[in-house]
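See structure below.
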Amino acid sequence: MRQRALTGNVGTVADVAGGMSVMAGRGGGVLMKIRALGDAVNNMQIQLDAALKHALKPPEPKKPA
14 MRQRALTGNV
24 GTVADVAGGM
34 SVMAGRGGGV
44 LMKIRALGDA
54 VNNMQIQLDA
64 ALKHALKPPE
74 PKKPA
């Protein structure tokens with residue numbers, strides 16, 4: 014997921030996906046992983062919404078020189 018986000022030019026989503034992969038691979042309690050990954054999913058939804066708004070925003074008209 015991280016690699017696809019990087020090639021899709023959505024760097025913030027790639028950062029969240031990379032952090033999720035690190036969290037999933039770490040040791041520790043299952044409840045801690047569940048909570049951390051749940052927070053990361055929420056963060057990813059926020060980042061995707063922001064990227065979608067940016068992508069759908071109409072370009073600003075250019076001012077004549």
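Note that the numbering used here has the sequence shown beginning at 14, numbered continuously upward.
We put the CB at the ideal spot given by N, CA and C, even for glycine.
Exercise. ARG39 by DSSP, collapsed to three states: which one?
Worked result: If DSSP states are grouped into helix, strand and coil, ARG39 belongs with coil.
Problem set entry | C-alpha gap between MET33 and PRO71, whole angstroms | One C-alpha to the other measures close to 32 Å.
Exercise. Does DSSP put LYS66 in a helix, a strand or coil?
Worked result: LYS66: helix per DSSP, three-state reduction.
Exercise. DSSP three-state call for LYS76: helix, strand or coil?
Worked result: Here LYS76 sits in coil by DSSP.
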